[in-house]
Structures are given as C-alpha cells and as structure tokens.
Amino acid sequence: IPIPPPHDTHFDKMSSIENIDSLASIQSQKAVVFFWAPWHEPSAPGGQIDSVVTSLAELQPTIQFYRCEAEAAPDLSMHYNVTVVPTFVLCVGNGNKVVDKIEGEDAANLTQAVSKLESYVFEEADANVTPAPDTTVTINGDEEVSKSKSAEELLEDRMESLIHASKVMLFMKGTPTAPRCGFSRQVVEILQGSGIEFGSFDILGPNDQDVRQGLKIKSDWPTYPQIYVDGELVGGLDILKEMRDEGDLAEQFGVAKQETLEERLKKLVKRSHIMLFMKGLPSAPKCGFSRQIVEILEEQNVSFDSFNILEDEEVRQGLKSFSDWPTYPQLYVSGELVGGLDIVREMKESGDLSDLLQ
Numbered sequence: 002i003p004i005p006p007p008h009d010t011h012f013d014k015m016s017s018i019e020n021i022d023s024l025a026s027i028q029s030q031k032a033v034v035f036f037w038a039p040w041h042e043p044s045a046p047g048g049q050i051d052s053v054v055t056s057l058a059e060l061q062p063t064i065q066f067y068r069c070e071a072e073a074a075p076d077l078s079m080h081y082n083v084t085v086v087p088t089f090v091l092c093v094g095n096g097n098k099v100v101d102k103i104e105g106e107d108a109a110n111l112t113q114a115v116s117k118l119e120s121y122v123f124e125e126a127d128a129n130v131t132p133a134p135d136t137t138v139t140i141n142g143d144e145e146v147s148k149s150k151s152a153e154e155l156l157e158d159r160m161e162s163l164i165h166a167s168k169v170m171l172f173m174k175g176t177p178t179a180p181r182c183g184f185s186r187q188v189v190e191i192l193q194g195s196g197i198e199f200g201s202f203d204i205l206g207p208n209d210q211d212v213r214q215g216l217k218i219k220s221d222w223p224t225y226p227q228i229y230v231d232g233e234l235v236g237g238l239d240i241l242k243e244m245r246d247e248g249d250l251a252e253q254f255g256v257a258k259q260e261t262l263e264e265r266l267k268k269l270v271k272r273s274h275i276m277l278f279m280k281g282l283p284s285a286p287k288c289g290f291s292r293q294i295v296e297i298l299e300e301q302n303v304s305f306d307s308f309n310i311l312e313d314e315e316v317r318q319g320l321k322s323f324s325d326w327p328t329y330p331q332l333y334v335s336g337e338l339v340g341g342l343d344i345v346r347e348m349k350e351s352g353d354l355s356d357l358l359q
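Under this note's numbering, think of the first position of the sequence shown as 2, with each following residue one higher.
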C-alpha cells in the first residue's frame with residue numbers, strides 16, 4: 002500500500018524515499034530497501050526508525066532509499082528473506098546484489114552500514130568504478146597536497162587494523178553463528194567451549210578477497226581459519242587443538258575466561274518462571290507470531306519475562322540448538338521448553354495452558 006513521505010521532508014529527486022512493492026521498482030546502483038509494517042509504530046510513517054531513515058536519505062544523496070510494506074509485498078519480502086520489521090536491505094546493481102542486511106531497530110549499525118555502502122567499490126563486472134581514496138596533507142597551514150596511497154599500503158593498513166581488532170581474532174569462512182566450513186566451525190566450538198571471547202572476520206566476503214589473499218602472505222600461513230592473539234598469529238585448527246590438549250586455552254592466550262554460551266543459555270531460560278524468547282519486546286513485537294503469543298500470555302493474567310533475540314545473534318542461533326527448536330518465539334516454564342505459538346495456542350484452547358503457567 003503506497004504511503005506518502007513525511008510532510009517535513011525536503012529531498013531532491015535523488016535522495017527522496019520511494020515506495021515500492023517489487024524488485025523491478027529498484028532502479029539504482031546503490032539502494033537501501035526499508036521493510037516496515039503499519040502495526041510496528043517505530044517503523045511506520047513518522048515513527049522513530051522512519052525518522053532515522055529520513056535523515057539518512059538526506060545525508061546520502063548518492064544512495065536511493067525505498068520503503069516497502071513487508072506484508073503487502075510478500076514476493077519482495079520473500080526474495081530478500083525478510084522475516085522481521087524493520088529490516089534494511091542494502092544492495093547494488095538495481096537490487097540484484099545484497100551487500101548487507103540489518104534486522105531490528107539498530108540505528109547505529111544501520112548508519113555504519115549505509116556509510117559503508119556509500120563508499121562501496123564496484124567489482125569489475127559492475128557498471129561503475131569508484132576511485133581509490135586520497136589523503137590530504139596540509140603544508141604551512143594553508144597549502145594542500147593530495148596524494149593517493151598505493152593499493153598495497155591501503156591493504157597493509159587494513160590487515161593491521163583487523164588483526165588488532167580484538168585481543169583474540171579469528172579469520173574464518175563464514176561467521177561464528179553460521180560457519181561455512183567444518184574447520185571454521187570446529188575452531189568456533191573450541192573457543193566458545195573454552196570460554197574465550199573473540200572477534201571474527203569472514204574472509205568469504207565479496208569485497209574482502211584482497212584480505213583473504215593478503216593475509217596468507219602477511220602471516221606466511223596458506224590456509225584458513227587463522228587465529229591471532231594480540232596481533233600475532235597463533236595458527237590454525239590443528240595448533241589450537243594441540244594447545245587445548247596441553248592445558249587451559251584462556252590462560253595460554255592471557256585472557257579472562259568468559260561464561261560459555263551453554264552456561265549462559267541455561268541461566269537465561271531459568272531467569273523467570275515464565276520466560277519468552279521473542280522478536281522484539283512485549284510492548285513492541287517485531288513479528289506477528291511474537292505479537293500473538295504475547296497477547297495469549299497477557300490474557301492469562303500472568304507475569305512473565307522476555308528476551309529480544311534480535312539484539313543478540315549468539316543467543317538467537319545458540320538457543321535453536323540448545324532447545325532443538327528451529328523457530329521463534331519460544332516459551333519456557335521453569336526452565337523447560339513448552340514450544341512455539343502453535344503449541345501455546347493449542348494448550349490455551351484445551352485449557353492446559355492456565356494450569357501450566359501457575
């Protein structure tokens with residue numbers, strides 16, 4: 002359903018926010034598609050998130066912003082696998098290539114992602130080429146000389162920054178919540194099982210092949226995953242296994258041992274007698290299933306606690322394995338899984354739910 006832009010906008014043609022309902026409507030080399038729903042007030046016209054998008058559209062005139070009502074455009078929502086609102090799909094090439102996707106009301110992350118899209122360097126197959134960044138040097142306070150760093154220098158600077166991004170840094174295929182090779186998955190399991198907090202970098206990123214190849218030369222290590230501590234290469238999976246067998250990994254790395262994910266999940270499901278893991282908050286659910294289960298619990302006139310799985314990807318993915326339940330919402334009573342919306346609805350209709358929640 003088309004909606005007009007807020008009355009206080011004053012964009013030029015390029016930075017205006019267009020309303021769309023199909024992929025064919027995306028006609029821009031760089032675009033942000035904002036999926037919203039009328040029942041979600043922050044993303045609806047005039048809401049807080051809508052205002053953030055409006056401001057970003059003003060600040061980034063080279064990027065075309067689009068609004069799409071998610072439930073009114075099921076084909077486009079399915080194309081981009083949109084399951085919650087708000088969702089922001091950042092794409093290039095008339096929407097054909099997704100470079101990032103932000104779920105939830107994370108304005109800071111969205112702003113960073115939009116800034117990164119603005120400086121996106123197109124690949125050889127793309128239509129445009131973005132020039133390398135320049136550095137400006139001021140001489141005697143008023144004379145400016147512009148010079149470009151070489152590609153090798155820029156890559157070296159980036160790799161140095163990445164290997165020092167966290168005390169323990171893992172370069173892997175995929176992400177900790179979605180590894181894309183068995184070796185990377187095993188390293189993640191060992192680090193998490195040892196209670197070690199770590200940063201990670203996905204070397205399969207479409208714009209990160211220079212890092213993938215450059216790090217092999219820099220570290221003189223030809224394979225992935227690679228683990229760094231304090232910017233120094235430790236090695237790969239085999240070396241990590243040997244170190245684990247020799248003793249406490251956290252102690253060898255010189256880091257404080259963190260609570261493991263399993264320990265954290267065990268505490269979370271028992272945080273309250275009735276515990277709901279959902280998308281959003283009871284006062285502002287971000288999907289229809291979560292909204293319905295909240296309504297059922299409120300009808301039962303019981304107090305319950307909740308956890309927004311959109312704000313913690315580790316919990317979101319980990320709880321699926323922990324409970325052997327692949328979807329959300331998930332309801333727990335006294336630390337035991339009850340199930341999702343369908344089961345809760347069936348128990349309400351049979352009268353068993355009120356007894357269980359007491």
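Don't be surprised by glycine CBs; every beta carbon is placed ideally from N, CA and C.
Query, Result
"Do L266 and V316 come within 9 Å of each other at the CB atom, strictly closer than that value?", "yes"
"Since D209 and G175 should fall inside the 8 Å C-beta cutoff, what is the C-beta to C-beta distance between them, to a whole number of angstroms?", "Not quite, the Cβ-Cβ distance comes to about 12 Å (not below 8 Å), so this is no contact."
"Going by beta carbon distance, what residues of the same chain come within less than 7 Å of K321, once the five residues before and after it are set aside?", "P327"
"Nearest-angstrom Cα distance between S185 and G236?", "12 Å"
"Please name the residue, chosen from D313, L238, F36, K117, that lies closest to H80 on a Cα-to-Cα basis.", "F36"
"Kindly indicate which three-state DSSP category A73 falls into: helix, strand or coil?", "helix"
"Just verifying my parser: in three-state terms, what is the DSSP assignment at E198?", "coil"
"Just how far apart, CA to CA, sit V130 and S116?", "Low confidence applies here, because V130 scores a pLDDT of 34, under 50, leaving its location unreliable and the question unanswered by this model."
"Would you call the region 56 to 72 and the region 18 to 36 touching, i.e. three or more CB-CB distances under 8 Å?", "yes"
"Would you grab the beta carbon distance between H274 and S324 for me? Rounded to a whole angstrom, and I think it's under 8 Å.", "With a Cβ gap of about 17 Å, H274 and S324 do not count as contacting."
"Short check: CB of M380 to CB of S201, under 9 Å?", "Residue 380 is absent from the structure shown; the chain starts at 2 and stops at 359."
"Check for me: the alpha helix (DSSP H) holding E104 runs from which residue to which?", "First-last for E104: 98 to 104, but that is the beta strand (DSSP E), not the alpha helix (DSSP H)."
"Between which residues of its own chain and T224 is the CB-CB distance below 7 Å, once the five residues before and five after are set aside?", "G237"
"One question on the structure: do I297 and Q259 come within less than 9 Å of each other, judged by their Cβ atoms?", "no"
"I need the straight-line Cα distance from D211 to G183, nearest angstrom please.", "23 Å"
"Give the range of the beta strand (DSSP E) segment to which D306 is assigned.", "306 to 309"
"Answer yes or no: do K280 and N309 have a C-beta to C-beta separation smaller than 9 Å?", "yes"
"Quick check on N110: does DSSP put it in helix, strand or coil?", "helix"
"If you follow the alpha helix (DSSP H) that T55 is part of, which residue opens it and which one closes it?", "49 to 60"
"Is the shortest distance between the beta-carbon of I294 and the beta-carbons of chain B less than 9 Å?", "The question asks about chain B, but that chain is absent: this structure has only one protein chain."
"Please go through the region 268 to 321 and give each complete beta strand (DSSP E) segment of 3 or more residues, from N-terminal end onward.", "275 to 279, 306 to 309"
"If you reduce the DSSP assignment to three classes, tell me which class R181 lands in.", "coil"
"Going by DSSP, name the residue or residues bridged to I27.", "Per DSSP, none; premise fails for I27."
"At a cut of 8 Å, does the region 149 to 166 reach the region 106 to 121 through at least three beta carbon pairs?", "no"
"What first and last residue would you give for the alpha helix (DSSP H) that runs through Q214?", "210 to 220"
"Looking at Y329: is its Cβ nearer than 9 Å to the Cβ of S291?", "yes"
"At the level of alpha carbons, what is the spacing between P283 and E104?", "17 Å"
"Measuring alpha carbon to alpha carbon, tell me which of I27, S351, L111, E154 ends up nearest G94.", "I27"
"Just list the residues that DSSP pairs V93 with in beta bridges.", "K31, K98"
"Roughly how far, in whole angstroms, is the beta-carbon of T261 from the beta-carbon of Q193, given that I think they are within contact range, below 8 Å?", "6 Å"
"Work out the CA separation of S195 and V303 for me, nearest whole Å.", "38 Å"
"Using 10 angstroms around the beta-carbon of E70, count the other beta-carbons present and answer buried if the total reaches 16, otherwise exposed.", "buried"
"Apply the 10 Å Cβ neighbour rule to D51 and answer buried if 16 or more other Cβ atoms are within range, or exposed otherwise.", "buried"
"So, using beta-carbon positions, are G96 and S162 closer together than 9 Å?", "no"
"Return the chain-ordered list of same chain residues with a C-beta closer than 8 Å to the C-beta of D306, the five sequence neighbours on each side being excluded.", "R272, S273, I275, M276, L277"
"Is F36 helix, strand or coil by DSSP?", "strand"
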